[in-house]
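Asks:
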Amino acid sequence: MKRKFLFAILFIVIAGLIFGGGYWYGQNSRPAIERVTGLQNLEQNKVPAVDFSLFWDAWVRVQEKFVNRGQFNYQKMVYGAITGMLSALNDPYTVFMTPEENKDFSQSLQGNLEGIGAEVGMRKGMVTVISPLADSPAMKAGLKAGDKILKVGDKITAGLSIDEAVSLIRGPKGTEVLLIIARDGWSETKEFKITRAVINIPIVKLEMKPIGDKTVAYLALYHFTDNATAEFQKAAQQILTSKAEGIILDLRNNPGGYLESAVDIASWFLPQDQMVVSEDYGNGKKIEHKSSGINKLASYQVVVLINQGSASASEILAGALRDNKKVKLVGEKSFGKGSVQELQQLAGGTSLKITVAKWLTPSGHSIMDDGLEPDVKVEITLSDVENSRDPQLDKALELLK
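Using my numbering, the first residue of the sequence shown is number 5, and each one after it goes up by one.
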């Protein structure tokens, strides 16, 4: 079964790799090199217009001349060559994953990992925090969406790939990592010492909040993982049997996940066949994803909270509710992850993620790089954080009075 999932690519810096773009698991048969044992050209189905002689010439010369020839790891060299090929596309969402990275990536979607608990990706060529996960070491240490990671330990991140940066940040639970962080509005960088831990990625949190003589359901959705649809359904049933008259859907710091989960959750608010999102493949081909028509929460007044850490599937859900129901978005501009990746499983446990399309909101708006602008802009200051204030939530409650 093919599944698509949309992440801001990113890599949860959690024992490995992670977070990726809007993905879709596809099984494709590919000519395999299970293990490279030496210099062998095992090409099959070679593209006629491409001449690989330069590559092989360079390979042979390195093998003949490199000073540490006895230390060659041919498998890593092949992996590096593939990574280099993809980097030439200038698309941070098209990436190759080694067996270890591929395994860690799959585990991340199940919600249990080790690390600091932060989604990290490339933003304008800089290693950037996309979102710290709820109750993670990263969040407790004070990392925020948009923070630039300039150094990991004594290693400068400029010039590193996201994979290389992640490999420096990750590590076993109980160990410590030092990050040098730059943040908009700061006059100088700051150090963050973070102790890695087991990360249990939360999915849903539901609270009933009184507003005068009314009750509002506050529903935080942290991730669109395998269990997100089922967990949301449980929360929705509790809302339906409660006295809640409105819903605050909190998508802040939600980096995304499975596309199917976003469509399923949107279906609780939208009638049958109403558009949730469409994929534009740029060649005239479009795929539309529509509501299944559960529609049981349609009568509730809804406000959605977003910020810079709201990405991909979060933006799909927020965009669908605003375009179809005129739902107000409150907070800060979202991340702007508007492309779809196809995940191809390759030989030896490796995989390849390829950008194949961009997605559009029901109104036809592409948020790639630009993000979703909130209808009501409310920023959270350092003073708010230090004093446990949440003016964005306060504004949402005010709108539902």
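Positions of the beta carbon are idealized from the N, C-alpha and C atoms, including for glycine.
What would DSSP say about Pro35, mapped onto helix, strand or coil?
Replies: For the purposes of this step, residue 35 is identified with residue 31 of the sequence shown, where counting begins at 1. Legend: pLDDT at Pro35 = 33, less than 50; position of this residue unreliable, value from coordinates given subsequently. Pro35: coil per DSSP, three-state reduction.
Asks: Can you check which of these residues, Ser110, Asp61, Trp60 and Ala122, is closest to Leu356 by C-alpha distance?
Replies: For this step, residue 356 is matched to residue 352 along the sequence shown. Here the closest residue by C-alpha is Ser110.
Asks: Suppose you measure from the CA of Ser316 to the CA of Thr359; what does that come to, to the nearest Å?
Replies: Within the sequence shown, the letter at position 312 stands for residue 316. Within the sequence shown, the letter at position 355 stands for residue 359. Distance between the alpha carbons of Ser316 and Thr359: 13 Å.
Asks: How is the alpha helix (DSSP H) around Pro395 delimited, first residue to last?
Replies: Taking the first residue of the sequence shown as 1, we reach residue 395 at position 391. Taken as a continuous stretch (DSSP letters only), the alpha helix (DSSP H) holding Pro395 covers Pro395 to Leu403.
Asks: Going by the CB atoms, is the gap between Ser343 and Lys362 shorter than 8 Å?
Replies: Numbered from 1 along the sequence shown, position 358 holds the residue referred to as residue 362. Numbered from 1 along the sequence shown, position 339 holds the residue referred to as residue 343. Yes, the Cβ-Cβ distance between Lys362 and Ser343 is below 8 Å.
Asks: To the nearest angstrom, how far is the alpha carbon of Leu182 from that of Leu301?
Replies: Here residue 182 is taken as the residue at index 178 of the sequence shown, counted from 1. Here residue 301 is taken as the residue at index 297 of the sequence shown, counted from 1. Rounded to whole angstroms, Leu182 to Leu301 spans 45 Å at the Cα level.
Asks: At which residues does the alpha helix (DSSP H) containing Leu244 begin and terminate?
Replies: Here the question's residue 244 lines up with position 240 in the sequence shown. Element bounds for Leu244: Ala232 to Leu244.
Asks: Compute the distance between the beta-carbons of Val124 and Ile185, then report whether it is under 8 Å.
Replies: To locate residue 124, count along the sequence shown from 1; it is residue 120. To locate residue 185, count along the sequence shown from 1; it is residue 181. No, the Cβ-Cβ distance between Val124 and Ile185 is not below 8 Å.
Asks: Using the Cβ count rule (16 or more neighbours within 10 Å means buried), how would you classify Leu93?
Replies: What you label residue 93 is simply residue 89 of the sequence shown in a count that begins at 1. Answer is exposed; the Cβ neighbour count stays below 16.
Asks: Which partner residues of His293 appear in the DSSP bridge assignment?
Replies: Against the sequence shown, residue 293 aligns to sequence position 289. Note: His293 sits in a beta bridge opposite Val281.
Asks: Using CA atoms only, rank isn't needed, just tell me which of Asp373, Arg174, Gly286 and Glu377 is closest to Asp327.
Replies: Stepping through the sequence shown from its first residue, residue 327 is reached at position 323. Residue Glu377 is the option with its Cα nearest to Asp327.
Asks: Ser318 lies in the beta strand (DSSP E); which residues open and close that run?
Replies: For this step, residue 318 is matched to residue 314 along the sequence shown. Not the beta strand (DSSP E): Ser318 falls in the alpha helix (DSSP H), residues Ala317 to Lys329.
Asks: Would you mind working out which of Phe100, Thr365 and Leu210 sits nearest Lys290, comparing C-alpha positions?
Replies: Residue numbering aside, residue 290 sits at position 286 when the sequence shown is read from its first letter. Of Phe100, Thr365 and Leu210, the residue nearest in Cα terms is Thr365.
Asks: Note down the Cα distance separating Leu321 from Ala400, rounded to an integer number of angstroms.
Replies: The sequence position of residue 321 within the sequence shown is 317, counting from 1. The sequence position of residue 400 within the sequence shown is 396, counting from 1. Rounded to whole angstroms, Leu321 to Ala400 spans 17 Å at the Cα level.
Asks: Kindly provide the ranges of any beta strand (DSSP E) runs that are 3 or more residues long and lie completely inside the segment 151 to 220, ordered along the chain.
Replies: Entirely contained in the segment 151 to 220, the beta strand (DSSP E) runs reaching 3 residues are, in chain order, 152 to 156, 180 to 186, 194 to 199, 201 to 204 and 208 to 215.
Asks: Thinking just about the alpha-carbon of each residue, which of Val220, Ala240 and Ile371 is nearest to the one in Ser406?
Replies: Missing from the structure shown is residue 406; the chain here goes from 5 to 405 and no further.
Asks: Would you kindly work out how many angstroms separate the C-alpha atoms of Thr161 and Thr132, rounded to a whole number?
Replies: Your numbering for residue 161 matches position 157 in the sequence shown. Your numbering for residue 132 matches position 128 in the sequence shown. Taking the straight line joining both Cα atoms gives about 10 Å.
Asks: To which residues does DSSP link Asp254 through a beta bridge?
Replies: Translated into positions along the sequence shown, residue 254 becomes position 250. Answer is Ala224 and Leu309, bridged to Asp254.
Asks: Considering Cα atoms alone, identify which of Asp394, Leu58 and Asp230 is closest to Tyr256.
Replies: The count along the sequence shown starts at 1 and reaches residue 256 at position 252. Checking the displayed sequence, the identity of residue 256 turns out to be Arg instead of Tyr. Ranking Asp394, Leu58 and Asp230 by Cα distance to Arg256 puts Asp394 first.
Asks: Please classify Thr98 as buried or exposed, where buried requires at least 16 other C-beta atoms within 10 Å of its C-beta.
Replies: As a position in the sequence shown, residue 98 is number 94, starting the count at 1. Label assigned to Thr98: buried.
Asks: Looking at the secondary structure, which residues open and close the beta strand (DSSP E) in which Lys357 lies?
Replies: Position 353 of the sequence shown, counted from the first residue, corresponds to residue 357. Lys357 -> beta strand (DSSP E) spans Ser355 to Leu364.
Asks: Looking at C-beta atoms only, is the number of pairs between the segment 202 to 217 and the segment 128 to 143 that lie closer than 8 Å three or more?
Replies: Yes, they touch.
Asks: Where does Ser387 sit, in a helix, a strand or coil, going by DSSP?
Replies: As a working note, residue 387 is residue 383 in the sequence shown. The answer is helix: DSSP assigns Ser387 an H, G or I state.
Asks: Could you work out which residue in Ile215, Thr354, Arg127 and Lys197 is closest to Glu402 when comparing CA atoms only?
Replies: Translated into the one-based positions of the sequence shown, residue 402 becomes position 398. The candidate whose alpha carbon is nearest that of Glu402 is Ile215.
Asks: Please tell me whether Lys381 has its Cβ less than 8 Å away from any Cβ of chain C.
Replies: Absence of chain C from the displayed structure is noted, only one protein chain being present.
Asks: Which class does Asn106 belong to by DSSP, given the choice of helix, strand or coil?
Replies: Numbered from 1 along the sequence shown, position 102 holds the residue referred to as residue 106. Asn106 falls in the helix class under three-state DSSP.
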